[in-house]
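Visitor: Have a look at the structure that comes next, please.
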Amino acid sequence: MNAIETVLLRKQYGWFFSREKVHALDGLTLNVPENTIFGFLGPNGAGKTTTIKILLGLVLPTSGETRIFGADSQSQNVRERVGYLPENPRFYPHLTARGFLVFCGKLIHLDPMERAKRADMLLERVDLKDAAEQKIKGFSRGMLQRVGIAQALIGDPDLVILDEPITGLDPMGRRSVKQILVSLRDEGKTIFFSSHVLSDVEKMCDVIGVLNRGRLIDSGYTKEILGEIGADIWAEKVSGDALQKAEAICKSVTLKDGKFCFSLDDMSKQEKLAELVQSGGGKILEVVKNREDLEEFFLRRVQEDEQKRNEGRME
Ligand SMILES: Nc1ncnc2c1ncn2[C@@H]1O[C@H](COP(=O)(O)OP(=O)(O)OP(=O)(O)O)[C@@H](O)[C@H]1O
Ligand SMILES: [Mg+2]
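One rule links them: number in my numbering = place in the sequence shown (from 1) + 146.
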């Protein structure tokens with residue numbers, strides 16, 4: 147089942163008669179499979195926060211449908227299964243971290259024992275145990291972000307929606323948030339988050355979606371979506387003749403620890419190279435495929451989409 151589905155979602159900001167209308171979402175159709183970490187990417191102003199706010203009922207769509215776990219995203223049953231961290235979280239500064247989490251537990255009608263238990267468990271999970279009794283007003287950005295993640299989890303949600311949870315965190319903070327998200331996924335939950343930190347998204351997300359000007363321009367499993375851009379083929383006992391011929395079709399050939407590494411920038415040459423190596427009595431040991439990294443992929447796809455728009459080829 148999909149945790150999130152949107153169908154032809156449109157959002158137009160601006161009054162009906164206003165000339166200054168912004169088409170924040172322009173027919174967004176999106177599927178987020180259950181029990182995955184989904185990375186929602188897009189340039190500034192692409193419509194990521196708008197999508198998230200519509201899913202949570204904080205902004206009304208102009209048209210289109212949104213479903214969470216197959217039901218209308220606005221239904222009470224569904225809302226109870228969702229945790230949310232906003233883009234720029236602000237919390238009551240006079241409360242302590244623990245006090246704030248207990249207060250959040252009260253808002254969702256947890257009994258006092260359960261509130262306290264969950265608050266302590268979450269403070270430990272987000273590594274804020276030592277700051278539990280400190281007032282939020284003295285917290286650094288990274289600490290605030292952790293409180294934000296903890297409050298998103300207070301209701302033990304099946305779907306966690308986080309708007310830029312790793313932005314502004316130091317490397318240790320990013321790593322600890324990544325570990326939390328992966329452990330949530332391993333517990334069976336679905337995590338939907340927006341981010342501009344593409345290196346982390348690439349490592350951690352099972353599925354990604356790329357939004358540009360309110361439209362989804364790409365979506366799929368990270369491993370499948372990042373195209374193969376060549377391979378390193380490791381071989382041994384390659385004859386001199388085969389080596390010479392192979393050099394002509396490879397980007398480079400190197401020798402390491404008695405093994406040859408044939409680097410190809412085009413996968414269509416793989417078969418020809420294997421024939422050459424084997425015909426001279428050589429043996430292929432390993433084929434390591436190289437993939438485009440997410441940053442290259444993202445920049446390329448957004449640029450292609452912009453070009454299409456400029457050429458007026460959008461349907
Ligand atoms: N309340 C609003 N009123 C008018 N326009 C808005 C409003 N909120 C967002 N927009 C516009 O809608 C578009 C999408 O904004 P949104 O915040 O969803 O983008 P985003 O992808 O989250 O960007 P970022 O990466 O900067 O967070 C932008 O052009 C923005 O200016
Ligand atoms: Mg945003």
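In this text, a Cβ means the ideal position worked out from N, Cα and C, and glycines have one as well. Source: prediction; values computed, not measured.
Residues near ligand 2, CB to any non-hydrogen atom under 7 Å, in chain order?
Guide: Result: 194, 195, 233, 309, 310, 340.
Visitor: Report buried or exposed for residue 318, applying the criterion of at least 16 other Cβ atoms within 10 angstroms of its Cβ.
Guide: Here residue 318 refers to the residue found at position 172 when the sequence shown is read from its first residue. Residue 318 is exposed by the Cβ-count criterion.
Visitor: I'd like the list of long-range same chain contacts for residue 262, defined as Cβ closer than 7 Å, with 5 residues on each side in sequence excluded.
Guide: What you label residue 262 is simply residue 116 of the sequence shown in a count that begins at 1. So the qualifying residues of the chain are 248.
Visitor: Could you tell me the alpha carbon to alpha carbon distance between residue 354 and residue 337, rounded to whole angstroms?
Guide: For the purposes of this step, residue 354 is identified with residue 208 of the sequence shown, where counting begins at 1. For the purposes of this step, residue 337 is identified with residue 191 of the sequence shown, where counting begins at 1. Computed Cα separation, rounded: 11 Å.
Visitor: For a test of your reading of the model: does the CB of residue 358 fall under 7 Å from any non-hydrogen atom of ligand 1? Yes or no.
Guide: Reading the sequence shown from its first residue, position 212 is the one you call residue 358. Not under cutoff, so the answer is no.
Visitor: I'd like the ranges of any beta strand (DSSP E) spanning at least 3 consecutive residues and lying wholly in the stretch 223-279.
Guide: DSSP runs (the beta strand (DSSP E)) wholly in the stretch 223-279: 228-231.
Visitor: Quick test of the definition: if touching needs 3 or more C-beta pairs under 8 Å, does the stretch 422-440 touch the stretch 338-353?
Guide: As far as the Cβ criterion goes, the stretch 422-440 touches the stretch 338-353, which means the pair count is three or higher.
Visitor: Say the cut is 7 Å; is the CB of residue 159 nearer than that to a heavy atom of ligand 1?
Guide: Indexing the sequence shown from 1 puts residue 159 at position 13. Yes, since a heavy atom of ligand 1 falls inside the 7 Å radius drawn around the Cβ of residue 159.
Visitor: Tell me where the beta strand (DSSP E) around residue 443 begins and ends.
Guide: In the sequence shown, residue 443 corresponds to position 297, counting from 1. No beta strand (DSSP E) holds residue 443; the alpha helix (DSSP H) holding it covers 440-456.
Visitor: Would you call the stretch 221-235 and the stretch 259-276 in contact, with 3 or more CB pairs under 8 Å?
Guide: Touching, no, given that fewer than three Cβ pairs across the two stretches are closer than 8 Å.
Visitor: May I have the straight-line CA-CA distance separating residue 367 from residue 214, to the nearest angstrom?
Guide: On the sequence shown, residue 367 is found 221 positions in, with the first residue counted as 1. On the sequence shown, residue 214 is found 68 positions in, with the first residue counted as 1. Roughly 20 Å separates the two Cα atoms.
Visitor: Taking the straight line between their C-alpha atoms, what separation do you get for residue 391 and residue 422?
Guide: The residue you call residue 391 lines up with position 245 of the sequence shown. The residue you call residue 422 lines up with position 276 of the sequence shown. Distance between the alpha carbons of residue 391 and residue 422: 7 Å.
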